[in-house]
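Quick notes on the structure that follows.
Residue numbers (my numbering): 100 to 565.
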């Protein structure tokens with residue numbers, strides 16, 4: 100084995116370098132606002148329907164998602180896989196919501212929409228939530244890639260994660276959102292081939308009924324997480340600009356169709372990836388927190404190499420989209436709100452923001468944390484976004500409505516994060532009993548406060564206070 104270690108190293112590290120070069124060559128060089136921030140081609144044409152479907156699909160197949168799906172499949176069987184796959188149904192939810200906001204209320208972007216209807220303070224509060232989301236996307240995806248090069252916290256783990264970040268950053272600086280969308284084609288092709296290979300290996304080893312009957316449909320064995328997901332899909336997509344930015348770059352009906360198709364494809368894909376974990380459960384493999392990597396190691400160097408390629412494709416698509424959305428948020432969306440004169444420098448501001456986030460976004464990866472927290476915690480904190488975007492227009496738009504709903508959601512999220520939630524809020528006795536209670540009671544309260552906000556404002560607040 101020692102004699103092969105050098106060749107194995109060349110194989111893995113060599114691919115990382117080759118991947119970096121290919122992505123850089125494929126990414127078009129863009130410097131116009133329309134291409135860098137809105138994904139148009141060199142002639143100013145919007146993204147095609149097919150390209151939009153592919154881009155949404157692969158940019159939402161996060162490397163951490165594949166790992167989480169497998170881990171939950173190993174822990175709860177098909178129940179865990181279904182619970183996690185249900186998150187992808189928030190893509191159609193977002194599609195319908197954005198379609199309504201664009202057609203009925205003339206929205207051109209979520210930042211612009213909030214600024215016009217709920218004021219600057221609401222806009223900045225929402226932007227902070229987005230920045231937290233994008234921050235999580237950096238470390239959670241680079242951590243997964245690093246896991247195929249070494250143990251968490253090891254030199255090889257950190258080196259691989261940082262090299263992967265640098266490679267993605269370089270071609271993201273070159274192409275912006277247009278580059279992200281174009282490179283999604285290659286990343287999707289590699290990912291799909293990898294998925295087919297994985298299923299070809301594990302499916303023949305068991306009867307399909309063993310997969311579908313795995314787990315137990317009880318609140319304490321994963322159903323509580325499924326219910327959490329059903330609640331969170333109402334708010335979760337709106338704080339992810341990787342998704343919502345793509346809701347404003349082509350015609351409304353084209354966008355809606357793309358969101359529906361890509362969401363269903365994502366749901367099926369993640370559910371199938373949970374079969375990796377179910378397979379691990381069936382053969383008695385210990386769940387060490389990274390089932391795909393552990394399983395691949397038992398299958399030999401070739402399997403480990405192919406799995407790393409799959410993960411790198413998924414992580415790369417998400418990370419370049421994260422950088423593109425970050426640059427648009429800071430360089431374009433917030434620039435319009437703060438001072439329209441900044442638009443002339445928007446691309447440069449966007450580039451600088453990418454570089455800064457590439458550096459600070461990897462700090463949790465270096466010091467270590469649980470990648471599932473990147474989903475469940477941020478998803479809980481933004482529960483207040485559901486009524487804001489889904490029920491807009493039901494009552495008169497009012498800044499107080501936004502702040503009551505948004506900040507109560509943040510409050511409930513902190514209760515869960517700090518583990519100080521009162522026991523009476525727990526629903527069931529399972530692992531996610533507290534999370535379910537926090538999301539249920541929190542969402543109900545956020546919705547009520549959003550709806551009564553205008554009356555409270557009229558009765559108790561002076562005009563212009565919010």
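Cβ atoms here follow ideal geometry from the backbone N, Cα and C, with glycine treated the same way.
These numbers were taken from a predicted model, which means no experiment stands behind them.
Outcome for residue i when other beta-carbon atoms lying within 10 angstroms are tallied against a minimum of 16
{"i": "residue 185", "result": "buried"}
{"i": "residue 241", "result": "buried"}
{"i": "residue 282", "result": "buried"}
{"i": "residue 331", "result": "buried"}
{"i": "residue 139", "result": "buried"}
{"i": "residue 475", "result": "Note that residue 475 scores 45 on pLDDT, short of 50, meaning its location in the model is unreliable; the coordinates nonetheless yield the value given after this. So residue 475 ends up on the buried side."}
{"i": "residue 438", "result": "exposed"}
{"i": "residue 406", "result": "buried"}
{"i": "residue 273", "result": "buried"}
{"i": "residue 473", "result": "Interpretation of residue 473 is limited by its pLDDT of 46, a score under 50 that renders its predicted location unreliable; the figure taken from the coordinates is listed afterwards. Buried."}
{"i": "residue 164", "result": "buried"}
{"i": "residue 362", "result": "buried"}
{"i": "residue 552", "result": "buried"}
{"i": "residue 387", "result": "exposed"}
{"i": "residue 486", "result": "buried"}
{"i": "residue 411", "result": "buried"}
{"i": "residue 559", "result": "exposed"}
{"i": "residue 130", "result": "exposed"}
{"i": "residue 149", "result": "exposed"}
{"i": "residue 371", "result": "buried"}
Closest by C-alpha distance to residue i, when choosing among the options
{"i": "residue 311", "options": "282, 279, 178 and 200", "result": "178"}
{"i": "residue 483", "options": "235, 224, 559 and 455", "result": "224"}
{"i": "residue 245", "options": "347, 317, 448 and 464", "result": "464"}
{"i": "residue 355", "options": "111, 252, 176 and 202", "result": "202"}
{"i": "residue 454", "options": "429, 373, 439 and 150", "result": "429"}
{"i": "residue 422", "options": "232, 285 and 549", "result": "232"}
{"i": "residue 529", "options": "322, 440, 441 and 432", "result": "322"}
{"i": "residue 123", "options": "218, 209, 460 and 271", "result": "271"}
{"i": "residue 460", "options": "357, 220 and 239", "result": "239"}
{"i": "residue 255", "options": "395, 398, 111 and 234", "result": "111"}
{"i": "residue 466", "options": "215, 192, 132 and 250", "result": "250"}
{"i": "residue 226", "options": "318, 497 and 427", "result": "427"}
{"i": "residue 153", "options": "118, 345, 324 and 552", "result": "345"}
{"i": "residue 543", "options": "522, 505 and 518", "result": "505"}
{"i": "residue 269", "options": "545, 556, 127 and 432", "result": "127"}
{"i": "residue 190", "options": "318, 293 and 336", "result": "336"}
{"i": "residue 247", "options": "546, 109, 395 and 149", "result": "395"}
{"i": "residue 546", "options": "424, 491 and 318", "result": "491"}
{"i": "residue 207", "options": "458, 377, 554 and 347", "result": "347"}
{"i": "residue 237", "options": "494, 188, 419 and 357", "result": "419"}
{"i": "residue 498", "options": "262, 541 and 550", "result": "550"}
Test item: CB-CB of residue i and residue j under 9 Å
{"i": "residue 452", "j": "residue 380", "result": "no"}
{"i": "residue 480", "j": "residue 511", "result": "yes"}
{"i": "residue 384", "j": "residue 228", "result": "no"}
{"i": "residue 156", "j": "residue 328", "result": "no"}
{"i": "residue 536", "j": "residue 334", "result": "no"}
{"i": "residue 212", "j": "residue 445", "result": "no"}
{"i": "residue 134", "j": "residue 141", "result": "yes"}
{"i": "residue 301", "j": "residue 404", "result": "no"}
{"i": "residue 193", "j": "residue 342", "result": "yes"}
{"i": "residue 222", "j": "residue 214", "result": "yes"}
{"i": "residue 496", "j": "residue 118", "result": "no"}
{"i": "residue 533", "j": "residue 525", "result": "yes"}
{"i": "residue 432", "j": "residue 121", "result": "no"}
{"i": "residue 539", "j": "residue 324", "result": "no"}
{"i": "residue 434", "j": "residue 425", "result": "no"}
Three-state class that DSSP yields for residue i in the structure shown
{"i": "residue 493", "result": "coil"}
{"i": "residue 520", "result": "coil"}
{"i": "residue 127", "result": "coil"}
{"i": "residue 239", "result": "helix"}
{"i": "residue 247", "result": "coil"}
{"i": "residue 269", "result": "helix"}
{"i": "residue 350", "result": "coil"}
{"i": "residue 112", "result": "helix"}
{"i": "residue 160", "result": "coil"}
{"i": "residue 308", "result": "helix"}
{"i": "residue 514", "result": "helix"}
{"i": "residue 531", "result": "coil"}
{"i": "residue 288", "result": "helix"}
{"i": "residue 411", "result": "helix"}
{"i": "residue 464", "result": "helix"}
{"i": "residue 427", "result": "helix"}
{"i": "residue 336", "result": "helix"}
{"i": "residue 216", "result": "helix"}
Close-in-space but distant-in-sequence residues of the same chain around residue i (CB under 8 Å, 5 per side omitted)
{"i": "residue 160", "result": "290, 365, 368, 369, 413, 416 and 417"}
Same chain only: Cβ atoms within 7 Å of residue i, ignoring 5 sequence neighbours per side
{"i": "residue 297", "result": "375"}
{"i": "residue 349", "result": "145, 146 and 151"}
{"i": "residue 75", "result": "Only positions 100 to 565 of the chain appear in the structure, and residue 75 is not among them; the question remains open."}
{"i": "residue 219", "result": "436"}
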